[in-house]
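Asks: Protein chains in written order, with the working numbering: chain A, 6 to 247; chain B, 150 to 397. Dropping a structure here in structure tokens format, bear with me for questions.
In structure tokens form, the structure reads like this:
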């Protein structure tokens, strides 16, 4: 199979389409502004596109680097964008239907469990060997991402609590990327025996995957931390005595 | 040995400050906790700059980085926390403090250095400049430049940590501003750490090991996470409690 061939995980096309349909239906009653629609569309696109394109072919057949990049996109960025696309009324609806029961301390644990659990060698190899189990891996990562971002996007956390939450998540999640970066032998036998691409050895491929993962997380978390620091500052300026 | 001499002088100043405050019946402002913090704040740079760590720093970039973060970050953090409150004023004996305090030039100079933007810019510039490969190499060849480098780390660290801890209670920054400064310092440090961790080429000819270079990045990141993370936690904790009470 050529690396430029398309591969498909149709479940995620269906998921993106169904979610977009639900969003459009909800938007009839509570019209979102342009940037919310753009955020939601980008999030839905980032769920469907990386899993239904040549990216999936390379990720599932050739390079761990691309697979890890794919995972970072669907676990960190796509869920955040989807949730940012929700209007206040949509968020209230989600909160009423279970969202309000999601506690930040459990959300972070679930996200970390998905993040580390799906990258355990046994699970990862099984998912790659069977092919269909990649759906489970990606589903867990997307669900973990949605759970993780919900306490922040729903507005239930104060700026200081949000900073603590993001700081804890940043520290706790960074070890996986560092393990890939510092590794001197491949963790996943599947990629050790996969046909190589772009001249990367299995170890270099894994090191680069760690860099991509760590770089993406650093960027996302620093932007999020920056946002909450600016919110903290603006809260102080509005409460300061004149 | 310069480090030991400077630490001894600092210890003397601190001891006379503590003694004077206690003589005035304010042992509560100069307790043993402060003494312990200050002592650790002096032991850390001495351990970093004298003995086996200093020898290892010549051959291992990660150890050299550890030296820098210890003297430029942990030491200023410990010292500023130790002297906060009236103890800060008592650090210098009156005959030394009075002329300095009266001098408008000295006050204006310090006031300029301690403007948040100035202090942060100096700290960030210090971080960037001393990691230029040419300078890093030069430092290893010339002792004078090496002393200058370490002095810069200490001064830059003291400037930002004075703003972060606010030992004199000057309130140059609000709590949010202090968290913002800590976040900005972490972001800058993270850029450097990522360059070191992510690079496949060694950047410093004197240190040929790539893993050593990557470890140096991790050392920087981990130390900043501990010091700045602890500070952010201490600053934000009362706010988190407050937010919970409001929510309840």
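For each residue, glycine too, the CB sits at the ideal point set by N, CA and C. Quick caveat: nothing in here was measured; it's all calculated off a predicted structure.
Going by other Cβ atoms of all chains shown within 10 Å of its Cβ, with 16 needed for buried, is residue 124 of chain A buried or exposed?
Replies: Under this definition residue 124 of chain A is a buried residue.
Asks: State the Cα-Cα distance for the pair residue 224 of chain B and residue 163 of chain B, rounded to the nearest angstrom.
Replies: Going by the C-alpha atoms only, they are around 15 Å apart.
Asks: Which residues in chain A sit within 8 Å of residue 154 of chain B, going by Cβ to Cβ distance?
Replies: In chain order: nothing, as chain A lies at least about 38 Å away.
Asks: Kindly indicate which three-state DSSP category residue 105 of chain A falls into: helix, strand or coil?
Replies: Correct three-state label for residue 105 of chain A: helix.
Asks: Should residue 151 of chain B go down as buried or exposed, given a rule of 16 or more other Cβ atoms within 10 Å for buried?
Replies: Residue 151 of chain B should be labelled exposed.
Asks: In terms of residue numbering, what span does the alpha helix (DSSP H) encompassing residue 216 of chain A cover?
Replies: 207 to 244 is the span of the alpha helix (DSSP H), which, as asked, contains residue 216 of chain A.
Asks: So does the stretch 348 to 363 of chain B actually touch the stretch 324 to 332 of chain B, counting three or more Cβ pairs closer than 8 Å?
Replies: Contact fails: fewer than three Cβ-Cβ distances are below 8 Å.
Asks: Along the alpha helix (DSSP H) that carries residue 279 of chain B, what are the first and last residues, could you check?
Replies: Element bounds for residue 279 of chain B: n/a, residue is neither H nor E.
Asks: For residue 25 of chain A and residue 212 of chain A, what's the separation of their Cα atoms in angstroms?
Replies: In a straight line, the C-alpha of residue 25 of chain A is about 36 Å away from that of residue 212 of chain A.
Asks: So, do the stretch 31 to 46 of chain A and the stretch 60 to 72 of chain A have three or more beta carbon pairs nearer to each other than 8 Å?
Replies: No: fewer than three Cβ pairs fall under 8 Å.
Asks: Indicate whether at least one CB of chain A lies closer than 8 Å to the CB of residue 382 of chain B.
Replies: Answer yes: the Cβ-Cβ gap between residue 382 of chain B and chain A drops below 8 Å somewhere.
Asks: With DSSP as the reference, label residue 194 of chain A as helix, strand or coil.
Replies: Helix.
Asks: Going by beta-carbon coordinates alone, are residue 186 of chain A and residue 339 of chain B separated by less than 8 Å?
Replies: Contact: no.
Asks: Helix, strand or coil for residue 10 of chain A? Go by DSSP, reduced to three states.
Replies: Three-state result, residue 10 of chain A: coil.
Asks: Express the C-alpha separation of residue 292 of chain B and residue 285 of chain B in angstroms, rounding to a whole number.
Replies: Spanning the two alpha carbons is a distance of roughly 12 Å.
Asks: Decide if residue 105 of chain A is buried, meaning its Cβ has at least 16 other Cβ atoms within 10 Å, or exposed.
Replies: Flag for residue 105 of chain A reads exposed.
Asks: So what's residue 189 of chain B in DSSP terms, helix, strand or just coil?
Replies: Residue 189 of chain B falls in the helix class under three-state DSSP.
Asks: Find the nearest neighbour of residue 18 of chain A within the set A:214, A:87, A:101, A:52, judged by alpha-carbon distance.
Replies: Measuring from the Cα of residue 18 of chain A, the nearest candidate turns out to be A:52.
Asks: In the stretch 82 to 132 of chain A, which residue ranges form an unbroken beta strand (DSSP E) of at least 3 residues, counting only runs that do not cross its ends?
Replies: For the stretch 82 to 132 of chain A, not a single whole beta strand (DSSP E) run of length 3 or above is found.
Asks: Label residue 190 of chain A either buried or exposed according to how many other C-beta atoms from any shown protein chain fall within 10 Å of its C-beta, with 16 as the threshold for buried.
Replies: When all chains shown are included, residue 190 of chain A counts as exposed.
Asks: Decide if the stretch 297 to 313 of chain B is in contact with the stretch 340 to 347 of chain B; the criterion is three or more beta carbon pairs, one per stretch, under 8 Å apart.
Replies: Touching, no.
Asks: Alpha carbon to alpha carbon, what distance is there between residue 232 of chain B and residue 247 of chain A?
Replies: Unreliable placement is indicated for residue 247 of chain A, whose pLDDT of 49 sits below 50; the coordinate value is still reported in the next sentence. Computed Cα separation, rounded: 32 Å.
Asks: Going by C-alpha distance, which of B:183, B:211, B:184, B:220 is nearest residue 413 of chain B?
Replies: Here chain B comprises residues numbered 150 to 397, so residue 413 of chain B is not present and cannot be evaluated.
Asks: Listing by chain order, which chain A residues have their CB less than 8 Å from the CB of residue 320 of chain B?
Replies: Residues of chain A passing the Cβ test: none, with the nearest at roughly 11 Å.
Asks: Closer than 7 Å by C-beta to residue 192 of chain A: which residues in its own chain qualify, once you throw out the five before and the five after it? Chain order, please.
Replies: Closer than 7 Å at the Cβ level, and outside the excluded window around residue 192 of chain A, lie 126, 211.
Asks: May I ask you to list, following chain order, the residues of the stretch 213 to 233 of chain A that have a beta carbon less than 8 Å from some beta carbon of chain B?
Replies: If the cut-off is 8 Å between Cβ atoms, the stretch 213 to 233 of chain A has 216, 219, 220, 223, 227, 230, 231 near chain B.
Asks: Do the CB positions of residue 144 of chain A and residue 81 of chain A come within less than 8 Å of each other?
Replies: It is not a contact, given that the beta carbons lie outside the stated cut-off.
Asks: Is the beta carbon of residue 177 of chain A closer than 8 Å to that of residue 238 of chain A?
Replies: For residue 238 of chain A and residue 177 of chain A, no; Cβs fall outside 8 Å.
Asks: Within 10 Å of its beta-carbon, does residue 154 of chain A have 16 or more other beta-carbons around it, so buried, or fewer, so exposed?
Replies: Its Cβ being crowded by 16 or more others within 10 Å, residue 154 of chain A is buried.
Asks: Give the straight-line distance between the Cα atoms of residue 198 of chain A and residue 99 of chain A, rounded to the nearest whole angstrom.
Replies: Distance between the alpha carbons of residue 198 of chain A and residue 99 of chain A: 44 Å.
Asks: With contact counted as at least three CB pairs below 8 Å, one residue from each stretch, are the stretch 176 to 195 of chain B and the stretch 249 to 268 of chain B in contact?
Replies: Touching, no.
Asks: Quick one: what's got a C-beta closer than 7 Å to residue 189 of chain B's C-beta in the same chain, skipping five residues either side?
Replies: If we look at residue 189 of chain B and ignore the five residues flanking it on each side, its Cβ neighbours are 227.
Asks: Rounded to whole angstroms, what is the Cα-Cα separation between residue 272 of chain B and residue 335 of chain B?
Replies: For residue 272 of chain B and residue 335 of chain B, the distance between alpha carbons rounds to 12 Å.
Asks: Just to confirm before moving on: does the CB-CB distance between residue 172 of chain A and residue 219 of chain A stay below 8 Å?
Replies: No.
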